[in-house]
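Numbered per mature numbering (1 follows the signal peptide of the UniProt record, and there is no 0), the sequence shown spans residues -27 to -1, 1 to 299.
We treat Cβ as the ideally placed atom computed from N, Cα and C, and that holds for glycine.
So the structure is just underneath, and the comments pick up after that.
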Amino acid sequence: MEHNSCYKLAFVHLFCLLFFMSPLVLCQLDYKYYDANCPNLTRIVRYGVWSAIKNDTRMAASLLRLHFHDCFVNGCDASLLLDGDQGEKNAFANRNSARGFEVIDDIKANVEKACPGIVSCADILTLAARDAVFFAGGFYWAVPLGRRDGPTSSDTAANQQIPGPFELLENITAKFTSKGLDLKDVVVLSGAHTIGFAQCLTFKSRLFDFDGAGNPDPLLDASLLQSLQKACPNQDDSDTNLVAFDPVTSSKFDNVYYKLLVNNSGLLQSDQALMGDNTTASMVLNYSKYPYLFSKDFGASMVKMANIGVLTGTNGEIRKNCRVVN
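Have a look at this one:
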């Protein structure tokens, strides 16, 4: 029995070395991490997410976005959830647009009742993002757990590290690769924009003065341009108006996002840029044709992203309240 255990541990270590960039960190996470001390965790999170989406279908995209924006700033440590004037909530990418914090608060409160001091906010957010995609009609993937919560949150770091809607593809790719992700992950995770909405200010420059001479983005489909100009008039008070990334199936997690890109109907400049590079354009075409391929790859990329810079062991803490450090 002892020999079998040794062989098993050796195999796991070899597997991590071969397949993951950060084997020590990733393999400290475990798919059964809370099975013994919080066995109802996944049910509690799943019910909380289901209830939130039932009341507001936009919440699926909001929870997924929270997880993405948390992981891209110094790792998946729930730092985005911390309150504070200089925290990530006040960064450009999150201020007046990030939402779903109350949903995580409610789930955390219920988890604390069931198993106090056991489950991190970072793990709850990771599970909530997975369940949000599932309830929106997407794939269900297994989530390794065991993350701990970070003690700090920085709006400066968020402004520097979160990819923006106006950035060139090469800049966005550089931000992904700095996190241990690759070009395929850029294309796959961009597919999260198959659900949710964007504020007009994130793409209005494409509609009225893309070239500085009063002309719209020539890559934008003409009929879509007219529709967006009506939804986002060229005046400041329209900046916070919302437009669906995917007007066809805005609350369903599918591959329509990629079909829109093929037809020059991507909403954000950073989305449509995927068709301007031969390698990424080829991937977009594949995902537009094969929805199962997109779903499978999306789950795999989400697992990779959810392991960026995680705190494990004795690092970090298990917050009692996701908004404040203990």
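V76, enclosing beta strand (DSSP E) - first and last residue: As a working mapping, residue 76 is identified with position 103 in the sequence shown. Annotation: V76 is outside any beta strand (DSSP E); the continuous alpha helix (DSSP H) that includes it extends over F74 to A87.
Taking 6 angstroms as the limit between beta carbons, can you name the residues of its chain near D56, skipping five residues before and five after? Counted from its first residue, the sequence shown places residue 56 at position 83. Hits under 6 angstroms: R296.
By the three-class DSSP mapping on this structure, what secondary structure does Q172 have? Residue mapping note: residue 172 aligns to position 199 of the sequence shown, counting from 1. Note: Q172 maps to strand in three-state DSSP.
For D122: DSSP bridge partner residues: Translated into the one-based positions of the sequence shown, residue 122 becomes position 149. E290, per the DSSP bridge assignment.
Look up L142 in the DSSP assignment and give the residues it is bridged to. As a working note, residue 142 is residue 169 in the sequence shown. None, per the DSSP bridge assignment.
What is the DSSP secondary structure of L(-2), counted as helix, strand or coil? Along the sequence shown, one-based indexing puts residue -2 at 26. For L(-2), the predicted structure reports a pLDDT of 47, less than 50, and the residue's modelled location is therefore unreliable. A value from the coordinates is still provided. Secondary structure of L(-2) (DSSP, three-state): helix.
Would you kindly check if the distance between the Cβ of C11 and the Cβ of V92 is under 9 angstroms? As a working note, residue 92 is residue 119 in the sequence shown. As a working note, residue 11 is residue 38 in the sequence shown. Yes. Within cutoff.
With which residues is A217 paired in a DSSP beta bridge? The residue given as residue 217 occupies position 244 in the sequence shown. DSSP, once it has assigned bridges, lists F170 as partnering A217.
Any idea if T150 is buried or exposed, counting beta-carbon neighbours within 10 angstroms, 16 or more meaning buried? Residue 150 sits at position 177 when you count from the first residue of the sequence shown. Exposed is the call here.
By Cβ distance, which residues of its chain are closer than 8 angstroms to D43, with the 5 residues on each side in sequence left out? Along the sequence shown, one-based indexing puts residue 43 at 70. The residues are C49, D50, A51, S52, L53, L54, E61, A95 and L98.
What's the C-alpha gap between W23 and F65? Along the sequence shown, one-based indexing puts residue 23 at 50. Along the sequence shown, one-based indexing puts residue 65 at 92. Taking the Cα positions, W23 is about 29 angstroms away from F65.
Option in L197, D209, D244 and T213 with minimal Cα separation from V221: Reading the sequence shown from its first residue, position 248 is the one you call residue 221. Comparing Cα positions, the closest option is L197.
In the DSSP output, which residue or residues are listed as bridge partners for V297? As a working note, residue 297 is residue 324 in the sequence shown. When beta bridges are read from the DSSP output, V297 appears opposite N294.
Judging by CA-CA distance, which residue of N63, G239, S224 and Y20 is the nearest neighbour of K129? Taking the sequence shown and counting its residues from 1, one reaches residue 129 at position 156. According to the sequence as given, residue 129 is Thr; it is not Lys. For T129, the nearest C-alpha among the options comes from N63.
M275 beta carbon less than 9 angstroms from that of L162: Sequence index remark: in the sequence shown, residue 162 carries index 189 (1-based). Sequence index remark: in the sequence shown, residue 275 carries index 302 (1-based). Yes; because the gap between Cβ atoms is below 9 angstroms, this pair is in contact.
Whole-angstrom distance between A115 and Q1, CA atom to CA atom: Within the sequence shown, the letter at position 28 stands for residue 1. Within the sequence shown, the letter at position 142 stands for residue 115. Distance between the alpha carbons of Q1 and A115 is about 16 angstroms.
Determine which residues share a DSSP beta bridge with L284 and list them. In the sequence shown, residue 284 corresponds to position 311, counting from 1. For L284, the beta-bridge partners assigned by DSSP are R121.
V235 by DSSP, collapsed to three states: which one? As a working mapping, residue 235 is identified with position 262 in the sequence shown. Of the three classes helix, strand and coil, the one that applies to V235 here is helix, per DSSP.
Below 8 angstroms CB to CB, which residues in the same chain sit around D158 once its five sequence neighbours on both sides are set aside? For the purposes of this step, residue 158 is taken as the residue at position 185 of the sequence shown. Excluding sequence positions up to five before and after D158, its CB lies within less than 8 angstroms of the CB of F149, S274, K277 and M278, all in the same chain and listed in chain order.
Is the beta carbon of G73 less than 9 angstroms from the beta carbon of K225? Locating residue 73 in the sequence shown gives position 100, counting from the first residue. Locating residue 225 in the sequence shown gives position 252, counting from the first residue. No. Outside cutoff.
With distances taken Cα to Cα, identify the nearest neighbour of L234 among D270, F108, V298 and A254. Stepping through the sequence shown from its first residue, residue 234 is reached at position 261. L234 has its Cα closest to that of A254, out of D270, F108, V298 and A254.
Euclidean distance between Cα positions of A101 and K27: Counted from its first residue, the sequence shown places residue 101 at position 128. Counted from its first residue, the sequence shown places residue 27 at position 54. Here the C-alpha atom of A101 lies approximately 14 angstroms from the C-alpha atom of K27.
For S238, I'd like the list of residues in its chain whose CB is within less than 6 angstroms of its CB, leaving aside the five on either flank, ordered along the chain. On the sequence shown, residue 238 is found 265 positions in, with the first residue counted as 1. The residues are D194 and L197.
Considering only residues of the same chain and omitting the five flanking positions on each side of A147, which have a CB-CB separation below 8 angstroms? The count along the sequence shown starts at 1 and reaches residue 147 at position 174. Contacts found: none.
Terminal residues of the alpha helix (DSSP H) in which K5 lies: The residue you call residue 5 lines up with position 32 of the sequence shown. First-last for K5: undefined, no H or E at that position.
For W23, which three-state DSSP category applies? The residue labelled residue 23 in the question sits at position 50 within the sequence shown. DSSP places W23 within a helical segment (H, G or I) once states are collapsed to three.
Quick one: Cα of Y20 to Cα of E85, how far? Working through the sequence shown from its first residue, we reach residue 20 at position 47. Working through the sequence shown from its first residue, we reach residue 85 at position 112. Cα to Cα, the separation comes out at about 15 angstroms.
Should F139 be labelled buried (16 or more other beta-carbon atoms within 10 Å of its own) or exposed? Indexing the sequence shown from 1 puts residue 139 at position 166. F139 should be labelled exposed.
I97 - containing alpha helix (DSSP H), residue span: Residue numbering aside, residue 97 sits at position 124 when the sequence shown is read from its first letter. Residue range C94 to F108 is occupied by the alpha helix (DSSP H) that includes I97.
What do you get for V(-3), buried or exposed, if any count of 16 or more other CB atoms within 10 angstroms of its CB means buried? Stepping through the sequence shown from its first residue, residue -3 is reached at position 25. Model confidence at V(-3) stands at a pLDDT of 46, short of 50, so the residue's coordinates are unreliable and nothing is read from them.
Between Q59, R38 and T125, which lies nearest to V106 when the distance is taken from Cα to Cα? Residue numbering aside, residue 106 sits at position 133 when the sequence shown is read from its first letter. Across the set Q59, R38 and T125, the C-alpha of R38 shows the shortest separation from the C-alpha of V106.
Within 10 Å of its beta-carbon, does R68 have 16 or more other beta-carbons around it, so buried, or fewer, so exposed? Residue mapping note: residue 68 aligns to position 95 of the sequence shown, counting from 1. By the C-beta density criterion, R68 is exposed, having fewer than 16 other C-beta atoms within 10 angstroms.
Taking all protein chains shown into account, do 16 or more other C-beta atoms lie within 10 angstroms of the C-beta of K262, making it buried, or fewer, making it exposed? Here residue 262 corresponds to residue number 289 of the sequence shown, with the count starting at 1. Classification of K262: exposed, given that the 10 Å Cβ count is below 16.
Nearest CA to the CA of L215: which residue from N228, D250, L142 and L201? As a working note, residue 215 is residue 242 in the sequence shown. It is L201.
Does Q242 pass the burial test, meaning 16 or more other C-beta atoms within 10 Å, or should it be called exposed? Taking the sequence shown and counting its residues from 1, the one referred to as residue 242 is at position 269. It is buried - the Cβ of Q242 has at least 16 other Cβ atoms within 10 Å.
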